[in-house]
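Undergrad: Sharing a structure, written as structure tokens. Questions coming.
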Amino acid sequence: MKEKKQIMIVEDEVLIAEDIKDSLEQAGFEVTAMVTSGEAALEEAEKQCPDVVIMDINLQGEMDGIIAADHLYKTHKLPCIFLTAYAGDELLERAKKVGSFGYLRKPFDDFEIKAMVEMALYRVKMEAEHELLEAQLRQAMKMEAIGTMAGGIAHDFNNILSAIIGYAELAQLEVPKESKTGAFLTNIIFAGNRASNLVQQLLAVTRQSAAERKPFHPHTILKEAVKILRTTLPSSILLETDILDCGWIVADPTNIHQVLINLCTNSVHAMEGDKGVLRICLKKETLQPENIPSDINSTSNTFIRLSVSDTGFGMNKATLDRIFEPYFTTKSNGQGTGLGLSLVHGIVKSCNGFIQIHSEPDHGTTFNVYLPAGEEPENIRLHVDPASDALPASPTQNTDKAAQQHSPARIMMVDDEPCLTVIQRQKLEDAGYSVTAFINSQAALEEFYRHPDRYDMLISDQTMPVLTGRELTQKVLTIKPDLPVIICSGHSETFTMEDVMEMGIRKYLHKPLRGDELITVVRNLLGSAIA
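If you read the sequence shown in numbering that gives the first Met the number 0, its first letter stands for residue 0, the second for the next number, and so on.
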């Protein structure tokens with residue numbers, strides 16, 4: 000950070016330039032360069048960017064001071080104070096058009112030049128603050144528009160969900176509940192309710208109301224936020240949680256929801272290739288007085304600690320020193336505004352809490368948010384955790400007697416989306432195959448290591464946490480090179496048909512799978528549903 004404001008003098012009269020330099024240094028400024036032409040001023044500004052330029056209008060060379068000042072402001076946002084022995088109306092008009100920050104007429108005294116520089120610096124500061132406020136206003140308007148749009152979408156979407164759930168409930172009345180069709184309808188209703196709950200959570204995040212601070216148990220809000228994260232995170236990022244009921248805090252629940260979402264978003268952006276581990280923990284912790292910042296006004300040393308850790312590229316000290324500055328960001332254009340972490344900092348400070356960060360380049364980052372814990376208040380209605388993420392039981396598999404008279408081909412299916420696993424498993428079982436399904440690719444690999452001869456085929460999703468479909472296939476084929484493998488994927492920029500051929504994968508299918516597409520491919524590869 001600069002200790003003194005730095006000035007560049009552009010004056011072709013050496014004695015006058017030295018006189019200006021003496022006046023500025025006596026006033027406490029630092030003169031970093033003295034040049035005699037507009038061309039030289041542009042070159043010097045490329046090397047080091049001063050705070051103010053004092054520019055003679057009539058200069059040596061083809062470029063006069065007004066043209067040079069225009070270039071400096073457009074290129075570097077450098078404020079220029081014009082200096083001249085002659086002040087005609089024409090010059091004044093030209094100076095005004097390029098946004099002059101001041102005008103000194105020779106001869107001048109020390110007070111005049113000091114006052115003019117101070118006024119120029121003040122105007123620069125005011126313009127920067129004005130630009131920041133305009134940017135914040137644009138961001139606020141954008142967020143308000145998003146909230147309005149979310150409300151409109153939620154209205155129509157909930158109407159659609161109501162029809163889906165309503166018709167499914169009517170259909171349930173027409174079939175035995177324990178039948179396969181009844182189980183299918185139960186799954187439809189369950190998925191519809193999850194979608195409806197997700198819409199309500201999105202509305203809570205985008206609502207534009209003033210902060211409503213109240214005592215509540217944060218673990219319930221954070222578990223809701225985790226449900227949103229699970230639907231938006233790339234499945235190749237492993238999400239680990241350890242969220243405990245550790246009492247209550249006084250805050251706006253929506254703000255705490257937003258703190259977690261913003262911290263996790265930052266962590267996801269820090270993990271290259273959308274692969275890594277994101278860990279969320281909530282615990283109660285007692286701190287020693289020396290570990291509590293002096294500006295925290297707390298009568299207790301008991302805090303609730305929210306930790307968000309990632310295995311990303313980490314941050315150096317220079318980045319850590321600026322991490323909470325508004326609009327500071329290390330992301331490329333279009334990936335972030337630089338407001339997320341500053342918003343987190345503001346919310347935590349408003350709750351009389353504080354944030355500690357541990358980060359090293361190439362070793363990931365951990366954000367520890369400390370919020371004051373409170374004693375259990377009386378007459379507090381606790382927030383009820385929404386419906387569990389547990390999937391309903393899948394329909395019973397095919398009991399066709401003809402199929403049971405033979406030994407079916409055995410298929411290992413791996414997909415981290417439970418609903419899709421249930422649907423495709425049921426279709427394969429209805430076709431007469433024996434299916435063992437996994438939603439964890441590492442668990443599937445361990446099972447295959449133990450019993451490689453138990454399976455006649457592998458069907459795997461491509462984008463999954465821990466092991467991708469490509470990685471799982473490579474390891475499986477080292478054990479059983481002739482095993483038929485089918486890879487399914489909705490989209491993968493890093494997985495091509497060339498990769499499929501080189502790895503020995505028999506078939507690559509794009510999601511969503513249509514009708515009996517998977518059954519047809521399996522039959523073609525295995526020859527028959529029955530081994």
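Even for Gly, the Cβ is constructed at its ideal location relative to N, Cα and C.
What number of angstroms, rounded off, separates the C-alpha of Phe183 from the C-alpha of Ile159?
TA: Mapped onto the sequence shown, residue 183 falls at position 184. Mapped onto the sequence shown, residue 159 falls at position 160. If I take the Cα positions, the gap works out to 19 Å.
Undergrad: Look up Lys282 in the DSSP assignment and give the residues it is bridged to.
TA: Along the sequence shown, read from residue 1 onward, the residue named residue 282 stands at position 283. Lys282 pairs with Arg304.
Undergrad: Does Ile379 come out as helix, strand or coil in the three-state DSSP assignment?
TA: Residue mapping note: residue 379 aligns to position 380 of the sequence shown, counting from 1. With a pLDDT of 41 at Ile379, under the threshold of 50, the modelled position of that residue is not reliable, and the figure given next carries that caveat. It is coil, neither helix nor strand.
Undergrad: Is it right to say Tyr448 is buried, meaning 16 or more other beta carbons lie within 10 angstroms of its own, or is it exposed?
TA: Within the sequence shown, the letter at position 449 stands for residue 448. Tyr448 comes out exposed.
Undergrad: Whether or not the stretch 300 to 312 and the stretch 359 to 376 are in contact is what I'm after, with contact meaning three or more pairs of Cβ atoms, one per stretch, closer than 8 Å; do they touch?
TA: Taking 8 Å as the limit for Cβ pairs, the verdict is that the stretch 300 to 312 does touch the stretch 359 to 376.
Undergrad: Checking 8 Å against the spacing of the C-beta atoms, do Leu262 and Leu221 come in under that value?
TA: Counted from its first residue, the sequence shown places residue 262 at position 263. Counted from its first residue, the sequence shown places residue 221 at position 222. The answer is no: Cβ separation not under 8 Å.
Undergrad: Between which two residues does the alpha helix (DSSP H) holding Gln441 run?
TA: Working through the sequence shown from its first residue, we reach residue 441 at position 442. Start and end: 440 to 449.
Undergrad: Quick check on DSSP: helix, strand or coil for Thr420?
TA: Numbered from 1 along the sequence shown, position 421 holds the residue referred to as residue 420. Helix, per DSSP.
Undergrad: Between Ala372, His129, Glu445, Leu524, which has its C-alpha nearest Thr301's C-alpha?
TA: Working through the sequence shown from its first residue, we reach residue 301 at position 302. That would be Ala372, whose Cα lies nearest to the Cα of Thr301.
Undergrad: According to DSSP, which residues form a beta bridge with Cys487?
TA: Along the sequence shown, one-based indexing puts residue 487 at 488. Looking at the DSSP assignment, Cys487 forms a beta bridge with Asp460, Leu508.
Undergrad: Go through its chain and collect everything with a Cβ distance to Pro451's Cβ below 7 Å, but skip five positions before and after it.
TA: Sequence index remark: in the sequence shown, residue 451 carries index 452 (1-based). Answer for Pro451: Ile478, Lys479, listed in chain order.
Undergrad: How about Asn351 and Ile295: are their beta carbons less than 8 Å apart?
TA: Reading the sequence shown from its first residue, position 352 is the one you call residue 351. Reading the sequence shown from its first residue, position 296 is the one you call residue 295. Yes, the pair counts as a contact, with Cβ atoms nearer than the cut-off.
Undergrad: My output table needs one value for Glu29: the three-state DSSP class, helix, strand or coil.
TA: The residue labelled residue 29 in the question sits at position 30 within the sequence shown. Strand at Glu29.
Undergrad: At a cut of 8 Å, does the stretch 240 to 259 reach the stretch 273 to 285 through at least three beta carbon pairs?
TA: As far as the Cβ criterion goes, the stretch 240 to 259 touches the stretch 273 to 285, which means the pair count is three or higher.
Undergrad: For Glu24, which residues of its own chain have a beta-carbon under 8 Å away from its beta-carbon, when the five flanking residues on both sides are left out?
TA: The residue you call residue 24 lines up with position 25 of the sequence shown. Taken in chain order, the residues that qualify are Val30.
Undergrad: Based on DSSP bridge pairs, tell me the residues matched to Ser54.
TA: Along the sequence shown, one-based indexing puts residue 54 at 55. The question names Ser, but residue 54 in the sequence shown is Met. Paired residues: Val9, Phe81.
Undergrad: Considering only DSSP beta bridges, list what Asp241 is partnered with.
TA: As a working note, residue 241 is residue 242 in the sequence shown. Beta-bridge pairing links Asp241 to Cys280.
Undergrad: Answer yes or no: do Ile19 and Ile53 have a C-beta to C-beta separation smaller than 8 Å?
TA: Position 20 of the sequence shown, counting from 1, holds the residue named residue 19. Position 54 of the sequence shown, counting from 1, holds the residue named residue 53. Contact flag set, yes.
Undergrad: Excluding the 5 residues flanking Ala84 on each side, which residues of the same chain have their C-beta closer than 6 Å to its C-beta?
TA: Translated into positions along the sequence shown, residue 84 becomes position 85. Result list for Ala84: Lys105, in chain order.
Undergrad: Between Ala32, Ile291, Thr318, which lies nearest to Glu11 when the distance is taken from Cα to Cα?
TA: By 1-based counting over the sequence shown, the position of residue 11 is 12. One detail in the question is off: residue 11 reads as Asp in this sequence, not Glu. Closest option to Asp11, Cα to Cα, is Ala32.
Undergrad: Go through its chain and collect everything with a Cβ distance to Val51's Cβ below 6 Å, but skip five positions before and after it.
TA: In the sequence shown, the residue the question calls residue 51 occupies position 52. So the list reads Ile6, Pro78, Val116, Ala119, once near-sequence residues are dropped.
Undergrad: So, does the stretch 453 to 460 touch the stretch 407 to 416, judging by three or more C-beta pairs under 8 Å?
TA: Yes, they touch.
Undergrad: Tell me the rounded alpha-carbon separation between Arg505 and Asn523.
TA: As a position in the sequence shown, residue 505 is number 506, starting the count at 1. As a position in the sequence shown, residue 523 is number 524, starting the count at 1. The alpha-carbon atoms of Arg505 and Asn523 are separated by roughly 11 Å.
Undergrad: With Val520 and Ile485 assumed to form a contact (beta carbons below 8 Å), what rounded beta-carbon distance in angstroms separates them?
TA: One-based indexing of the sequence shown puts residue 520 at position 521. One-based indexing of the sequence shown puts residue 485 at position 486. Yes, they are in contact, since the Cβ atoms of Val520 and Ile485 sit about 6 Å apart, within 8 Å.
Undergrad: Helix, strand or coil, according to DSSP, for Ala401 in the structure here?
TA: Numbered from 1 along the sequence shown, position 402 holds the residue referred to as residue 401. In this predicted model, Ala401 has a pLDDT of only 38, less than 50, meaning its place in the structure is not dependable; the value taken from the coordinates is given anyway. Helix at Ala401.
Undergrad: Compare the Cα-Cα distances from Asn157 to each of Val174, His268, Asn192, Pro483 and report the closest residue.
TA: Within the sequence shown, the letter at position 158 stands for residue 157. The residue with the shortest Cα to Cα distance from Asn157 is Asn192.
Undergrad: Leaving out the 5 sequence neighbours to the left and right, which residues in its chain are closer than 7 Å to Ser235 when beta-carbon positions are compared?
TA: The residue labelled residue 235 in the question sits at position 236 within the sequence shown. Counting only Cβ-Cβ distances below 7 Å, and skipping sequence neighbours, we find Asp273, Lys274, Thr462, Met463, Pro464, Thr467.
Undergrad: Can you look up Ser178 in the DSSP assignment and give me helix, strand or coil?
TA: Numbered from 1 along the sequence shown, position 179 holds the residue referred to as residue 178. Looking at Ser178 - three-state DSSP - the assignment turns out to be coil, as it is neither helix nor strand.
Undergrad: Quick check: what's the CA-CA separation for Pro385 versus Lys73?
TA: To locate residue 385, count along the sequence shown from 1; it is residue 386. To locate residue 73, count along the sequence shown from 1; it is residue 74. Low per-residue confidence applies at Pro385: pLDDT is 36, beneath 50, and the placement is therefore not dependable enough to give any value.
Undergrad: Between Val475, Phe81, Leu169, Ser99, which has its C-alpha nearest Tyr454's C-alpha?
TA: Here residue 454 refers to the residue found at position 455 when the sequence shown is read from its first residue. It is Val475 whose Cα lies nearest to the Cα of Tyr454.
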